[in-house]
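Participant:
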Amino acid sequence: METFAENPSNIWAVVPVKRLSQAKQRLAPVLSHNERVKLARTMLHEVLTTLCASELAGIVVVTSDPMVANLASLFDARVVHDGTEAGVNAAVQQGLESLDAVASALIVPADVPFATASDLRAIIAELQHNPVVLAPALSDGGTNALAMRAPDMIVPKFGEDSYLRHQMQSRAKGFACGVVSSDGIGRDIDRPQDLVAPIATGKYSLTAALLAELNVSNRLGVGALPLCVRHM
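Heads up: the sequence shown at position 25 corresponds to 25 in the working numbering, and the numbers run straight through without jumps.
1) Expressed to the nearest angstrom, what Euclidean distance is found between the alpha-carbon atoms of T84 and A176?
2) Does Y204 pass the burial test, meaning 16 or more other C-beta atoms within 10 Å, or should it be called exposed?
3) For N144, does the three-state DSSP call read helix, strand or coil?
4) Could you tell me the alpha carbon to alpha carbon distance between L210 and L39, rounded to whole angstroms?
5) G239 lies in the beta strand (DSSP E); which residues open and close that run?
6) Within this structure, are the beta carbons of A13 and L56 separated by less than 8 Å?
7) Should P113 be labelled buried (16 or more other beta-carbon atoms within 10 Å of its own) or exposed?
8) In terms of DSSP beta bridges, what is H81 paired with?
9) Extract the residue ranges of the beta strand (DSSP E) inside the stretch 9-68, only unbroken runs of 3 or more that lie entirely within it.
10) Report all residues from its chain with a CB closer than 8 Å to the CB of L99; omit the five preceding and five following residues, and keep chain order.
11) Report yes if the CB atom of H166 is closer than 8 Å to the CB atom of T143, and no otherwise.
12) Please return the same chain residues whose Cβ sits closer than 6 Å to the Cβ of V216, not counting the five positions on each side in sequence.
13) What would DSSP say about I107, mapped onto helix, strand or coil?
14) Does the pairing of the stretch 17-29 with the stretch 40-51 give three or more beta-carbon distances under 8 Å?
15) Excluding the five sequence neighbours on either side, which residues of its own chain have a C-beta within less than 6 Å of the C-beta of A115, listed in chain order?
16) Which value, in whole angstroms, describes the spacing of the CA atoms of L146 and A28?
17) To the nearest angstrom, report how far apart R149 and E160 are at their CA atoms.
18) At which residues does the beta strand (DSSP E) containing V132 begin and terminate?
19) Whole angstroms is fine: what's the gap from N10's alpha carbon to R78's?
20) Is the beta carbon of A101 sitting closer than 8 Å to the one on V62?
21) Between which two residues does the alpha helix (DSSP H) carrying Q169 extend?
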């Protein structure tokens with residue numbers, strides 16, 4: 001069987017995406033339903049754009065939302081229907097099961113719009129040295145990217161404190177676990193405070209532009225939101 005060392009380019013991204021109508025409900029105190037839908041779609045667009053610039057074999061989007069499926073098709077992504085709608089980890093598992101056994105996987109949530117292609121290439125490069133690679137969230141102890149040399153090395157457990165759980169799983173199975181940290185991949189948007197976290201300048205962001213258009217900073221009584229993130 002072909003190994004990762006023999007074909008390190010066979011890396012597929014897996015992106016779980018819930019129905020846009022149900023996305024980002026924790027932002028309801030700040031954003032209306034339609035604004036949350038627009039934000040979720042914009043973030044997904046940025047994530048898919050970044051993945052397309054990251055030298056991957058392909059992209060798998062797991063969703064039950066026709067609008068998401070249509071957007072994914074514009075990026076030549078393979079769409080896996082989320083038949084169970086049982087949450088992010090069940091969706092990720094469906095995506096992993098759609099991959100060849102010899103493929104490597106890079107799992108990226110749809111709400112990390114400030115991740116750069118350089119961030120993702122750094123994660124892919126780290127797979128050369130470690131069979132499991134994690135990118136920790138800057139808040140809540142979560143995981144904002146998980147890469148594995150094979151789709152079944154550990155069981156994805158995304159959510160709060162998942163960074164530690166993924167590390168513990170890797171250790172228990174005897175897999176060395178690499179870590180790639182950056183402001184870009186580390187930032188997700190899930191809670192109201194995430195809408196106005198500091199962003200370094202350098203790279204234009206559709207998501208930051210949308211939040212500025214929605215006047216989020218004034219709604220929350222904080223300073224103006226920059227429109228750029230640091231180019232990594």
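Backbone N, C-alpha and C fix where the C-beta goes; we use that ideal spot for every residue, glycine too. Treat the numbers as computed from the prediction; the structure is a model and nothing was measured.
Facilitator: Quick answer:
1) 32 Å
2) Around the C-beta of Y204, fewer than 16 other C-beta atoms lie within 10 Å, and the residue is accordingly described as exposed.
3) Correct three-state label for N144: strand.
4) 7 Å
5) Residue 239 lies beyond the residue range present for the chain, which begins at 1 and ends at 232; the question has no answer from this structure.
6) yes
7) buried
8) T63
9) 11-16, 58-63
10) W12, V14, V60, A105, P151
11) yes
12) L195
13) strand
14) yes
15) Hits under 6 Å: T50, G184, I185.
16) Each residue's alpha carbon lies about 28 Å from the other.
17) 24 Å
18) For V132, the enclosing beta strand (DSSP E) starts and ends at 132-136.
19) 15 Å
20) no
21) 162-172
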